[in-house]
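Engineer: Mind the numbering: the sequence shown is residues 199 to 669 in our numbering, read in order.
C-beta atoms are modelled at their ideal positions from N, C-alpha and C, and glycine is treated no differently.
First the structure, then my questions, so here it is.
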Amino acid sequence: MLFNSIAYILFLLLTVGLYYLLPAEKRWILLLAGSLFCYGLFRVDYLLLLLFCVAVSYLGALKMHQSSDEGVRKRWLRTVLLADLGLLFVFKYLDFTYQSLVWVGGWVGLEMPAFVFNIVLPIGISFYIFQTIGYVVDVYWGVVEPQTHFGKFFLFVSFFPQLIAGPIEKAEDLMPQLERLDNRFRESDFWAGATRISWGLFKKAVVADNIALYTDVVFGNISFHQGATLYVALLLFAFQIYCDFSGYTDIAIGSARLLGINLSENFLLPYGSSTVREFWTRWHKTLYTWLYTYIYMPIAFGIPGPRGVASAVLATFFLSGLWHGASWNFIIFGLVHGFWVLLEAVLLDRMLYARLGSIWSRVVGVPVTFHVWLFSMIWFRTRTFEEAGLFLQNLVQGGSFEVLDTGVFARILLGLGILLVVEAGLVKAHTFQALYLKYGVRFCLGMMICSLFLLLLFGNSGGGQFIYFQF
């Protein structure tokens, strides 16, 4: 069930209404049933994969906790990791791995039969597998106690606002909230959640989906465009993916807030970052936190000295790229950031930013960081090396800017203008709940009405699903 649909809004209203009518001890059943219903609407057989992942992780965590033998605990940890990552590999990376082997074989003179597996990627699999792996490792490390109630653990993994595209929640943050579910209806939760949902819908339908009408044409016909047109398309795609993904996150966080549940923030104005390191603490924060905790730290502490830090950085960003998609373009997307982080640490921090001072280092660093992101977006948006190479080739050839469609471009500029004003205001207010507490119901209601009015007037109703659903 897509967030940007009437069906989801009706489902959410029904769920919230029933939630507050039920006694606290029964609410988890409603949320689990609703979550499985939402996910099963995409494809019923996806539920079997989700159940397998949940069952293996649940059992493995319990067995690790029950044993005092470190060898037994490690075997259970390896079993769970092998099962979860094996599931992810088969559905997401098997075809990519085989095609890469065919390419390498042809390069060295070893012929392999051409074959395409055509395995459909289950929606949300990268998100919920990372969440379950984080839980199991935390149990192994002793960070959290294992959840003994299978149904409530199933809810932790499948909670409908964040199942499909995050945020990727840590057990210590989300599980205690799902354990209690004894919260009463609070007016502040309702208005903060509803306002945030309306803002997320605005970002998706008015900004991201209108930008897509331009970027899809340009990226779909790169050979016909040059210079300024390609640069503007790249610039707009950066805002498209931000509004698409952060819009989804706004709807997810707002939906959970209606139930009195707090999900993690995933975006903190990332395009205002002055370094790539700072950027990844403000863009898709929960993925960065996961990679930092379970990839970067073990490698950095496991290999002594600068070599360990460099290895950890490159491994983290390599996996970040691979997590986004099974292609070499996505791997390059990740490594662009990894090598730039090393460049910042080794050269830019000491040779440039330290001499400029805090103010000028931000004045210089923000546009530099943003253009590193733009360069990585070339690899993110194109599908092959050839497409990326053609884009770069045509980009530097020059050429005047083409509007393509005046009406679409006017809607894009309007949406971006409103976006910048509101997001800047939210930075000062911090949260929608703070806005409610400061300005009251009238402000939230006014913002909701304006968002929905703009959505009805300028929204692209044919925008379809969110970009990050493909990961």
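Does DSSP classify Asp293 as helix, strand or coil?
Structural biologist: Reduced to three states, the DSSP call for Asp293 is helix.
Engineer: Can you tell me the Cβ-Cβ gap for Leu467 and Glu621, rounded? I've got them flagged as a contact below 8 Å.
Structural biologist: With a Cβ gap of about 6 Å, Leu467 and Glu621 count as contacting.
Engineer: Quick check: the Cα distance between Val415 and Tyr440, rounded to an integer number of angstroms?
Structural biologist: Near 19 Å, if we compare the C-alpha coordinates of Tyr440 and Val415.
Engineer: Can Tyr198 and Ala363 be called in contact, C-beta distance under 7 Å?
Structural biologist: Summary: the structure shown does not reach residue 198, with the chain confined to residues 199 through 669, and so no result is reported for it.
Engineer: Which of the three DSSP states, helix, strand or coil, is assigned to Pro365?
Structural biologist: Pro365 falls in the coil class under three-state DSSP.
Engineer: Excluding the five sequence neighbours on either side, which residues of its own chain have a C-beta within less than 6 Å of the C-beta of Lys261, listed in chain order?
Structural biologist: So the list reads Trp274, once near-sequence residues are dropped.
Engineer: Express the C-alpha separation of Ile501 and Phe435 in angstroms, rounding to a whole number.
Structural biologist: Their backbone Cα atoms lie some 38 Å apart in a straight line.
Engineer: If you count every other CB in all the chains shown that lies within 10 Å of the CB of Ala259, and 16 or more means buried, which is it?
Structural biologist: Buried.
Engineer: Alpha carbon to alpha carbon, how far is Val306 from Leu361? Give it in angstroms, no decimals.
Structural biologist: Leu361 and Val306: Cα-Cα distance of roughly 43 Å.
Engineer: Give me the Cα-Cα distance between Gly418 and Leu517, rounded to the nearest whole angstrom.
Structural biologist: One C-alpha to the other measures close to 27 Å.
Engineer: State the CB to CB distance for the pair Asp404 and Gly605, rounded to an integer number of angstroms; the pair is presumed to be in contact (CB under 8 Å).
Structural biologist: First, the amino acid is wrong: residue 404 is Val here, not Asp. With a Cβ gap of about 14 Å, Val404 and Gly605 do not count as contacting.
Engineer: Where does Leu234 land, buried or exposed, given buried means 16+ other C-beta within 10 angstroms?
Structural biologist: It counts as buried.
Engineer: Note down, in chain order, each residue of its chain lying with its Cβ closer than 7 Å to the Cβ of Phe348, except the 5 sequence neighbours on either side.
Structural biologist: Tyr256, listed in sequence order.
Engineer: Within the same chain, show all residues whose beta-carbon is closer than 7 Å to that of Arg225, passing over the 5 residues directly before and after it, in chain order.
Structural biologist: For Arg225, where only same-chain residues beyond five positions count, the Cβ hits under 7 Å are Tyr217 and Leu379.
Engineer: Mapping the DSSP letters down to three states, classify Thr663 as helix, strand or coil.
Structural biologist: The displayed chain sequence assigns Gln, not Thr, to residue 663. Here Gln663 sits in coil by DSSP.
Engineer: At the level of alpha carbons, what is the spacing between Thr277 and Ser453?
Structural biologist: The straight-line gap from Cα to Cα measures roughly 35 Å.
Engineer: Ignoring anything shorter than 4 residues or poking outside the stretch 347-415, list the alpha helix (DSSP H) runs there in chain order.
Structural biologist: Listed in chain order, they are 348-356, 369-378 and 385-400.
Engineer: Classify Trp229: buried if its beta carbon has 16 or more other beta carbons within 10 angstroms, exposed otherwise.
Structural biologist: Note that residue 229 is Leu in the sequence shown, not Trp. Leu229 should be labelled buried.
Engineer: Under 8 Å Cβ to Cβ from Phe294, same chain only, skipping five residues before and after it: list those, please.
Structural biologist: Excluding sequence neighbours, Phe294 sits near Ala524 and Ser525.
Engineer: Which parts of the stretch 538-604 are runs of the alpha helix (DSSP H), unbroken and 4 residues or longer, counting only runs that do not cross its ends?
Structural biologist: Correct list: 552-579 and 583-593.
Engineer: So what does DSSP say about Ser421, is it helix, strand or coil?
Structural biologist: Helix at Ser421.
Engineer: Counting pairs of beta carbons, one from the stretch 202-222 and one from the stretch 241-248, are three or more of them closer than 8 Å?
Structural biologist: They do not touch, by the three-pair rule.
Engineer: What does a CB cutoff of less than 7 Å around Glu377 pick up in its chain, not counting 5 residues either side in sequence?
Structural biologist: Counting only Cβ-Cβ distances below 7 Å, and skipping sequence neighbours, we find Lys350.
Engineer: By the three-class DSSP mapping on this structure, what secondary structure does Phe651 have?
Structural biologist: Phe651 falls in the helix class under three-state DSSP.
Engineer: Which word fits Arg455, buried or exposed, when buried means at least 16 other C-beta atoms lie within 10 angstroms of its C-beta?
Structural biologist: So Arg455 ends up on the buried side.
Engineer: Helix, strand or coil, according to DSSP, for Val337 in the structure here?
Structural biologist: Here Val337 sits in helix by DSSP.
Engineer: If Phe599 and Thr427 are in contact, beta carbons under 8 Å, what's the gap, nearest whole angstrom?
Structural biologist: Yes, Phe599 and Thr427 are in contact; Cβ-Cβ is about 6 Å, under 8 Å.
Engineer: Which class does Asn202 belong to by DSSP, given the choice of helix, strand or coil?
Structural biologist: Three-state result, Asn202: coil.
Engineer: Rounded to a whole number of angstroms, what is the C-alpha to C-alpha distance between Gly232 and Ala450?
Structural biologist: One C-alpha to the other measures close to 14 Å.
Engineer: Can you check whether the C-beta of Phe437 is within less than 7 Å of a C-beta belonging to chain D?
Structural biologist: Although the question refers to chain D, the structure presented lacks it and comprises just one protein chain.
Engineer: Can you tell me which of the three DSSP states His482 falls into?
Structural biologist: His482 falls in the coil class under three-state DSSP.
Engineer: Kindly list the residues whose CB is nearer than 7 Å to the CB of Arg560, restricted to its own chain and excluding five residues on each side of it in sequence; keep chain order.
Structural biologist: Excluding positions up to five away in sequence, the list reads Ser472.
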